[in-house]
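Peer 1:
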Amino acid sequence: PSLRWSAATPRADVLVDSRSIAGLRTDLLDVRCMSGVQCSWTAKIDAADVSLGDWQFGQAQLMSPMQASIGESIEVSISTATAVSGTDIRFGDYKVRAISLREFAGATFTVANGGWQAQLPASTIRLQTLRPLELLESSFDLELQDTQVLHDGDRLESGFRLDPATATVSYRGIDIAVPAAAGTFTIEDDRQSADVRLSGAKRGISAAVSYTERTAGGELRVQDATFDMRRRSLATWLKRRGDAWNVIDGLVRANLTLLWAGLGDDRSYDGQIELNAAGLAGNYEELVFTGLELGLKADVEDDLSARIDPVDVRLGLLDAGVPVTNLEATLIPDLAMSTLQVERLGFEILGGSMHAKPFLWRRDSGRTEVPFEVRRIQPALMLALADFDSVEIDGSLSGVLPLLLVGRKVLIEGGKLSSEAPGGTIRYRPEVPVEGMKKDSSQLGTVTRALGNFHYESLSCDVNYAENGDLRLQMRIQGVNPDMDPNQPVILNLGLDNNVPQLLRSLQATRSIEDILERRASQ
Numbered sequence: 008p009s010l011r012w013s014a015a016t017p018r019a020d021v022l023v024d025s026r027s028i029a030g031l032r033t034d035l036l037d038v039r040c041m042s043g044v045q046c047s048w049t050a051k052i053d054a055a056d057v058s059l060g061d062w063q064f065g066q067a068q069l070m071s072p073m074q075a076s077i078g079e080s081i082e083v084s085i086s087t088a089t090a091v092s093g094t095d096i097r098f099g100d101y102k103v104r105a106i107s108l109r110e111f112a113g114a115t116f117t118v119a120n121g122g123w124q125a126q127l128p129a130s131t132i133r134l135q136t137l138r139p140l141e142l143l144e145s146s147f148d149l150e151l152q153d154t155q156v157l158h159d160g161d162r163l164e165s166g167f168r169l170d171p172a173t174a175t176v177s178y179r180g181i182d183i184a185v186p187a188a189a190g191t192f193t194i195e196d197d198r199q200s201a202d203v204r205l206s207g208a209k210r211g212i213s214a215a216v217s218y219t220e221r222t223a224g225g226e227l228r229v230q231d232a233t234f235d236m237r238r239r240s241l242a243t244w245l246k247r248r249g250d251a252w253n254v255i256d257g258l259v260r261a262n263l264t265l266l267w268a269g270l271g272d273d274r275s276y277d278g279q280i281e282l283n284a285a286g287l288a289g290n291y292e293e294l295v296f297t298g299l300e301l302g303l304k305a306d307v308e309d310d311l312s313a314r315i316d317p318v319d320v321r322l323g324l325l326d327a328g329v330p331v332t333n334l335e336a337t338l339i340p341d342l343a344m345s346t347l348q349v350e351r352l353g354f355e356i357l358g359g360s361m362h363a364k365p366f367l368w369r370r371d372s373g374r375t376e377v378p379f380e381v382r383r384i385q386p387a388l389m390l391a392l393a394d395f396d397s398v399e400i401d402g403s404l405s406g407v408l409p410l411l412l413v414g415r416k417v418l419i420e421g422g423k424l425s426s427e428a429p430g431g432t433i434r435y436r437p438e439v440p441v442e443g444m445k446k447d448s449s450q451l452g453t454v455t456r457a458l459g460n461f462h463y464e465s466l467s468c469d470v471n472y473a474e475n476g477d478l479r480l481q482m483r484i485q486g487v488n489p490d491m492d493p494n495q496p497v498i499l500n501l502g503l504d505n506n507v508p509q510l511l512r513s514l515q516a517t518r519s520i521e522d523i524l525e526r527r528a529s530q
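Using the numbering used here, the first residue of the sequence shown is number 8, and each one after it goes up by one.
(1) Counting only the same chain and skipping the five closest in sequence on each side, list residues whose C-beta sits under 6 Å from that of Q481.
(2) So what does F234 bridge to, in DSSP terms?
(3) With a threshold of 16 other CB atoms inside 10 Å of the CB of I498, please say whether the residue is buried or exposed.
(4) Label W48 either buried or exposed according to how many other C-beta atoms from any shown protein chain fall within 10 Å of its C-beta, with 16 as the threshold for buried.
(5) Residues in its own chain within less than 6 Å of M41 by CB, not counting five upstream and five downstream?
(6) State the DSSP-derived secondary structure class of G452, mapped to helix, strand or coil.
(7) Nearest to W267 by alpha carbon, out of I85, D100, Q68?
(8) Could you give the DSSP three-state label for D272: helix, strand or coil?
(9) What are the start and end residues of each continuous beta strand (DSSP E) run of 3 or more residues lying completely inside the region 109 to 142, in chain order?
(10) Which class does V185 belong to by DSSP, given the choice of helix, strand or coil?
(11) Keeping to the same chain, check which residues put their C-beta closer than 6 Å to that of L137; ignore five residues upstream and five downstream.
(12) For the beta strand (DSSP E) containing M73, list its first residue and its last residue.
(13) Just how far apart, CA to CA, sit D170 and A125?
(14) Counting C-beta neighbours from all protein chains within 10 Å, is the total for V413 16 or more, i.e. buried, or is it exposed?
(15) Can you give, in chain order, each stretch of the beta strand (DSSP E) that sits fully within the region 18 to 48 and has at least 3 residues?
(16) Report all residues from its chain with a CB closer than 7 Å to the CB of S177; omit the five preceding and five following residues, and keep chain order.
(17) Which residue comes first and which comes last in the alpha helix (DSSP H) that contains M482?
(18) Could you tell me which residues DSSP pairs with G406 in its beta bridges?
(19) Using the beta-carbon count (16 or more within 10 Å), is M344 buried or exposed?
(20) Beta-carbon separation of L514 and G328 under 7 Å?
(21) Does DSSP put R264 in a helix, a strand or coil?
(22) What number of angstroms, rounded off, separates the C-alpha of K209 from the C-alpha of S217?
(23) Going along the chain, which unbroken runs of the beta strand (DSSP E) with 3 or more residues stay wholly within the region 300 to 326?
(24) With H, G and I counted as helix, E and B as strand and the rest as coil, what does DSSP make of K209?
(25) Determine, using beta carbons only, whether L108 comes closer than 7 Å to chain B.
(26) Relative to the C-alpha of L282, which residue among R479, V295, R274, V320 is closest?
(27) What residues in its chain sit with their C-beta under 6 Å from that of A19, if we drop five residues either side in the sequence?
(28) Considering Cα atoms alone, identify which of G224, Y463, R221, V185 is closest to S206.
(29) In the DSSP assignment, what are the bridge partners of L342?
(30) In this structure, does DSSP put N460 in helix, strand or coil?
(31) Cα separation between I255 and Q485?
(32) According to DSSP, is T16 part of a helix, a strand, or is it coil?
(33) Given a cut-off of 7 Å on the beta-carbon distance, is the pair M73 and V83 in contact?
(34) Helix or strand or just coil, what does DSSP make of K364?
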């Protein structure tokens with residue numbers, strides 16, 4: 008007859024020590040075994056400074072009912088009632104404040120032929136405050152699918168899915184909306200790799216990342232990532248606290264290859280970035296832009312800075328209250344030197360155009376001179392902006408406006424504009440008819456009558472714009488009024504002052520950012 012037996016103990020202390028687990032003390036509670044050999048117990052771990060392979064835990068806790076069948080091999084079934092948590096976790100360069108098991112479909116653990124392996128059909132892990140890079144912080148629920156641990160823990164492979172509703176990511180004060188993600192990852196010996204596919208853009212974005220602990224080296228590759236701003240505006244993806252900005256139209260395509268090796272101060276980088284934008288439209292506070300196109304190529308430098316090739320920029324509209332259209336520029340940024348070389352800059356404004364000579368802007372420079380050539384701007388459009396309904400003027404002005412960039416301020420000192428031949432006309436229509444001022448012999452009366460129908464052959468204007476926003480135009484106008492005396496030349500000296508920030512605020516109040524962007528989006 009066969010022998011039937013059973014054994015039980017309320018508690019057994021076990022010290023787990025293997026190649027990947029160093030001296031982990033485990034309590035086995037309510038241990039029961041019977042002939043077969045079949046055993047059951049509840050494993051409990053509550054330990055500090057735990058090492059599980061390359062994972063380091065400041066504190067690790069586990070409570071898990073288990074059943075085991077012991078024969079030629081050992082098979083352990085881990086209950087769905089398992090609870091796992093850990094704090095202050097480090098894995099290579101990664102840091103996690105806390106990790107916990109949210110959902111668990113059970114697991115099996117098999118020991119055979121001197122080795123072990125494990126299978127986990129499905130589980131959900133909560134990671135809190137993951138810091139894979141300095142200044143980058145995230146928390147999320149990670150759903151693992153068909154997880155396998157093979158070769159005594161030397162290889163781990165799993166599918167995964169990330170639900171954006173559970174995720175938060177921030178970088179340098181920017182909150183990043185996380186798209187849905189799915190893929191696979193593998194950890195084998197000292198190498199980790201993952202293939203990821205993101206959704207939520209016009210097309211899915213595929214990325215591959217790998218890391219080798221021995222060399223502290225890794226690589227990240229993103230190919231043909233496409234963001235469609237019409238489907239989801241930029242403000243729903245990225246939110247910089249305190250800023251009001253958005254991109255609501257256009258396409259952005261990007262490719263990225265990033266390689267790195269070494270730890271800490273010895274880490275070095277290499278790679279390439281390519282980004283192309285077409286038809287972008289949006290706003291930054293009250294500044295509206297549409298039709299932005301650019302192409303950017305850059306090489307990643309050893310210190311993670313970037314050497315950027317010359318960038319061609321085209322912009323259909325830039326509107327801060329005064330519309331600027333058809334802007335074109337060629338820019339050469341130097342991130343290492345904190346400079347921006349502007350090789351070409353031109354745009355249309357007020358019926359004419361402005362073109363800058365090449366200039367270099369330095370972040371640490373207190374003053375940058377930007378001489379602009381002005382071509383055939385229309386004074387009628389200038390007066391229309393200032394709401395001077397009583398003055399009609401035609402003709403055009405050209406000249407030079409030397410802009411000065413002082414910090415975040417723009418100044419003009421010694422700008423000069425003059426009329427294009429053959430001149431033009433000025434007609435002043437005050438509330439009091441000019442005819443009613445015929446008997447006014449004062450200087451104001453004479454000037455008012457002359458401007459009632461003034462045909463000018465030359466108009467010159469000195470332009471100065473102060474740091475406080477005050478614009479001063481000092482004009483000298485020469486011509487005749489045929490209604491007064493067509494043979495008597497008249498020279499008028501006039502001054503015009505206005506505060507540009509106040510003017511822009513009033514202009515912004517009369518136009519809708521949403522209307523401008525909606526018109527652009529419907530084109």
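Ideal Cβ positions, reconstructed from N, Cα and C, are used throughout, including at glycine.
Peer 2: Here's the rundown:
(1) D469, G502
(2) V259
(3) It counts as exposed.
(4) buried
(5) S13
(6) helix
(7) D100
(8) helix
(9) 114 to 119, 122 to 138
(10) DSSP places V185 in coil when its eight states are reduced to three.
(11) Counting only Cβ-Cβ distances below 6 Å, and skipping sequence neighbours, we find V103, S145.
(12) 62 to 77
(13) 25 Å
(14) exposed
(15) 31 to 41
(16) E144, I183
(17) Unbroken run through M482 is the beta strand (DSSP E), 477 to 487; no alpha helix (DSSP H).
(18) Per DSSP, the beta bridge partners of G406 are V381, L424.
(19) exposed
(20) yes
(21) Residue identity check: residue 264 is Thr in the sequence provided, not Arg. T264: strand per DSSP, three-state reduction.
(22) The predicted position of K209 is uncertain, since its pLDDT is 48 and thus under 50; no value can be drawn from it.
(23) The qualifying runs are 313 to 315, 318 to 326.
(24) Low confidence applies to K209: its pLDDT is 48, below 50, so where it sits in the model is not reliable, and the reading given next is rough at best. The DSSP-derived three-state label of K209 is coil.
(25) Looking for chain B here will not work: only one protein chain is present.
(26) Measuring from the Cα of L282, the nearest candidate turns out to be V320.
(27) L35, V38
(28) V185
(29) BP columns for L342 are empty, so no partner.
(30) Secondary structure of N460 (DSSP, three-state): helix.
(31) 50 Å
(32) strand
(33) Cβ atoms of M73 and V83: closer than 7 Å.
(34) For K364, the secondary structure class from DSSP, reduced to helix, strand or coil, is coil.
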